[in-house]
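Chemist: At position 428 of the sequence shown the residue is numbered 627 (our numbering), and the sequence of numbers has no breaks.
All residues carry an ideal CB built from backbone N, CA and C; glycine is no exception.
All values reported here derive from a predicted model rather than from experimental measurement.
Dropping a structure here in structure tokens format, bear with me for questions.
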Amino acid sequence: MRTITRLALPVLGLLLAAACTRLTPEQLLAQDIAEALGGVDRVKAARLLTLEGTGRQYNLGQDLRPGLADQTFTVSAYIREIDLSRHRMRTTLTRTPNFAYFQGPQAQTQVQGIDAMVAYGGSDPAKLTRNGGAAVADRRAERFHHPLVVAWALVAGGAKVTAMRTDGAERILEVETDAGPVTMAVGADARPLRVETRAAHPNLGDVVMTTTFSNYQEANGWRLPATLTTRVDDFTTGEYTLTSRTAETGSPEAPPAVADAPEPAPPTVNVAVEQVAPGVWFLAGQSHHSVVVAFKDRLVLVEAPQSEARSLAVIAKARELQPATPLTHLVMSHHHFDHSTGLRAAIAEGLTVVTHEGNDAFVKAMAARPFTRQPDALAKAAKAVTVEPVGASRTISDGTRTLELHHVTGNPHSETMLMAWLPKERVLIEVDAFSPGGTYHPYAANLLAHIERLKLKVDKIVPLHGGIVTMQDLMAAAKPAA
Ligand SMILES: [Zn+2]
200 MRTITRLALP
210 VLGLLLAAAC
220 TRLTPEQLLA
230 QDIAEALGGV
240 DRVKAARLLT
250 LEGTGRQYNL
260 GQDLRPGLAD
270 QTFTVSAYIR
280 EIDLSRHRMR
290 TTLTRTPNFA
300 YFQGPQAQTQ
310 VQGIDAMVAY
320 GGSDPAKLTR
330 NGGAAVADRR
340 AERFHHPLVV
350 AWALVAGGAK
360 VTAMRTDGAE
370 RILEVETDAG
380 PVTMAVGADA
390 RPLRVETRAA
400 HPNLGDVVMT
410 TTFSNYQEAN
420 GWRLPATLTT
430 RVDDFTTGEY
440 TLTSRTAETG
450 SPEAPPAVAD
460 APEPAPPTVN
470 VAVEQVAPGV
480 WFLAGQSHHS
490 VVVAFKDRLV
500 LVEAPQSEAR
510 SLAVIAKARE
520 LQPATPLTHL
530 VMSHHHFDHS
540 TGLRAAIAEG
550 LTVVTHEGND
560 AFVKAMAARP
570 FTRQPDALAK
580 AAKAVTVEPV
590 GASRTISDGT
600 RTLELHHVTG
610 NPHSETMLMA
620 WLPKERVLIE
630 VDAFSPGGTY
640 HPYAANLLAH
650 IERLKLKVDK
660 IVPLHGGIVT
670 MQDLMAAAKP
680 AA
């Protein structure tokens, strides 16, 4: 009731204005939204919006098991500055993992910015670098994930409502902005409830990015949401409690050195071949590696990671190494997005997926995802997916060569992870359990315990991050720090 009273006078005024200037229902609603946030004139006059507070992030695509949302980061400081009239936004946050994170337990700072068509970011605010790829479009769209940005764009920035419909108590507006289409749901009191934009995700394909707004607070003449919750499709990625303030000056510009730098090109795919044993090849070259194992009747690829481009190149290289033998199987070590980015490419190439049984539904769900915004290999050439799930272990053998797959249990990195062992060659293939080269090895002791429990004879460890090392290197890494 109070809301109606509060809105009655402005709405009456708008109706009179509409009679004189013939505002469309869409324009009227835009004015109502601006009124609900603090007033049309106040919205028009604002230049800089600053959001500040704390929150929590989730670990999309990297949690212990597919579908889980147990692993969180505490965001102890969050600040986002948005230039309302120019395409500038910068977010600086500090987050600390609440789980055994592979990068360590320490707090990390992350900066992400957009300035017109320049995206940038980094972990050190003094050493930001330019970002390429999808960052530009994604951040330009993300800038609209606040009601004041949409309201400003509607009453002062040239954005247009292109469609409007009622859904229960909500009105759904389709808004055409200079960052593309934005969908905004508003309540009966004209308060924005959420904003949705669409994006192309390398693993998930077509996704809806949603921010919901709640806990509206009155401060300095504004009525703005204090709770913002972000989602990728149905997965909650972040929850923030924020205070808002506006200013009529100030703007988060990209640092000049970043703005002057060229946009980085997509990473060059580089598949470097190293023979581990006759018929066993290590395909390294970038940050995520694969292994090909030749049997009499088939080639088995272990891992299709990092990007579709890399995975397709790795598959092509595997076929080149022994052209007379068909490449038939992909062993996917675990479901994490960086290790399953090439999963759909492998399915498109006709490979059967061998993975832990806990990833079975995940693989099928990934294979069924729509990829219409940026069609990938599987979208262009649909293929049915075949999964061969592995429980505690599985042996692949042609009588001469044997490859054993073992479930890596009790690892706080992933609960549905496999490692692979070649008994005759005394080679262990593993990923994320031990990544040589670094100084922090939180899961090395767990890997060593598995090797001892299963009585695996290992001379060489072929990690899918880092270079080939020996069992002694693992033992040194697994030792507790003195
Ligand atoms: Zn992982």
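1. If contacts are defined as beta-carbon pairs under 8 Å, then V562 and V530 qualify, I think. What distance do you get, rounded to the angstrom?
2. Apart from the five residues on each side of it in sequence, which residues of its chain come closer than 7 Å, Cβ to Cβ, to V354?
3. Ligand 1 heavy atoms versus the CB of D269: any closer than 6 Å?
4. Confirm, please, whether the CB-CB distance from G303 to Y639 is below 7 Å.
5. Using the C-alpha atoms, what's the distance from N258 back to T436?
6. Taking its Cβ as the centre, do 16 or more other Cβ atoms sit within 10 Å of V491, making it buried, or is it exposed?
7. Taking Cβ positions, are I667 and K659 nearer each other than 7 Å?
8. Alpha carbon to alpha carbon, how far is A503 from V548? Give it in angstroms, no decimals.
9. So T347 packs on L236, CB below 8 Å; how close in whole Å?
10. Counting C-beta neighbours from all protein chains within 10 Å, is the total for S413 16 or more, i.e. buried, or is it exposed?
11. Is the beta carbon of V394 closer than 7 Å to that of T410?
12. Excluding the 5 residues preceding and the 5 following Q474 in the sequence, name in chain order all residues of the same chain whose CB lies nearer than 8 Å to its CB.
13. Quick one: does the C-beta of D631 sit closer than 6 Å to a heavy atom of ligand 1?
14. Go through its chain and collect everything with a Cβ distance to P454's Cβ below 8 Å, but skip five positions before and after it.
15. Who are the Cβ neighbours of L423 in its own chain at under 6 Å, not counting the five residues just before and after it?
16. Quick check on DSSP: helix, strand or coil for K359?
17. What is the rounded straight-line gap between the Cα of G541 and the Cα of A471?
18. Alpha carbons only, please: which of L621, L617, P622, E624 is nearest the one belonging to F633?
19. Given a cut-off of 7 Å on the beta-carbon distance, is the pair Q270 and F301 in contact?
20. If we ignore side chains and look at the alpha-carbon of each, how far apart do M316 and L227 end up?
21. Check V470 in the structure and name its three-state DSSP category.
22. Below 8 Å on the Cβ atoms is my guess for A350 versus E369; work out the distance and round it to an integer in Å.
23. Among residues of its own chain, excluding the 5 on either side of T273, which ones have a beta-carbon nearer than 7 Å to its beta-carbon?
24. Would you be able to state if there are at least three C-beta pairs under 8 Å between the segment 584-592 and the segment 551-558?
25. Verify whether the separation of the beta carbon atoms of D405 and T290 is less than 7 Å.
26. Could you give the first and the last residue of the continuous alpha helix (DSSP H) run that contains F272?
27. Would you mind giving the Cβ-Cβ distance between F536 and G260, rounded to the nearest angstrom? I have them listed as a contact below 8 Å.
28. Give a yes or no on whether the C-beta atoms belonging to F415 and L427 are separated by under 7 Å.
29. Drop a sphere of 10 angstroms on the beta-carbon of R201, count the other beta-carbons inside from all chains shown, and report buried for 16 or more, exposed for fewer.
30. For I203, which residues from the same chain have a beta carbon less than 7 Å from its beta carbon, with the 5 sequence-adjacent residues on both sides left out?
31. Would you mind stating whether D672 and P635 have Cβ atoms separated by less than 7 Å?
32. Using the three-state DSSP reduction, which class does P324 fall into: helix, strand or coil?
33. Can you have a look at A676 and say buried or exposed, based on whether 16 or more other CB atoms are within 10 angstroms of its CB?
34. Counting along the chain, where does the alpha helix (DSSP H) carrying N645 start and finish?
35. How many angstroms separate the CA atom of A564 from the CA atom of V584?
36. Excluding the five sequence neighbours on either side, which residues of its own chain have a C-beta within less than 6 Å of the C-beta of A399, listed in chain order?
Modeler: On the basis of the supplied data:
1. The pair is not a contact, with the Cβ atoms about 12 Å apart (cut-off 8 Å).
2. A229, Q230, A233, V239, V242, K243
3. no
4. yes
5. 7 Å
6. buried
7. yes
8. It should be noted that the sequence gives Glu, not Val, for residue 548. So the two alpha carbons sit approximately 11 Å from each other.
9. The sequence given here has Leu at residue 347, not Thr. About 6 Å separates the two Cβ atoms, so the contact holds.
10. exposed
11. yes
12. W480, F481
13. yes
14. Y319, L327
15. S443
16. strand
17. 18 Å
18. L617
19. no
20. 32 Å
21. coil
22. Wrong, their Cβ atoms sit about 17 Å apart, outside the cutoff.
23. R255, R294, T295, N297
24. yes
25. no
26. It is not in any alpha helix (DSSP H) - F272 instead sits in the beta strand (DSSP E) that spans 271-282.
27. 3 Å
28. A quick correction: the sequence has Tyr, not Phe, at residue 415. No, the Cβ-Cβ distance between Y415 and L427 is not below 7 Å.
29. Note that R201 scores 44 on pLDDT, short of 50, meaning its location in the model is unreliable; the coordinates nonetheless yield the value given after this. When all chains shown are included, R201 counts as exposed.
30. A caution first: I203 carries a pLDDT of 45, below 50, which makes its placement in the model unreliable, though a value can still be read off. Cβ within range, chain order: n/a, list empty.
31. yes
32. coil
33. buried
34. 643-652
35. 10 Å
36. R572, Q573
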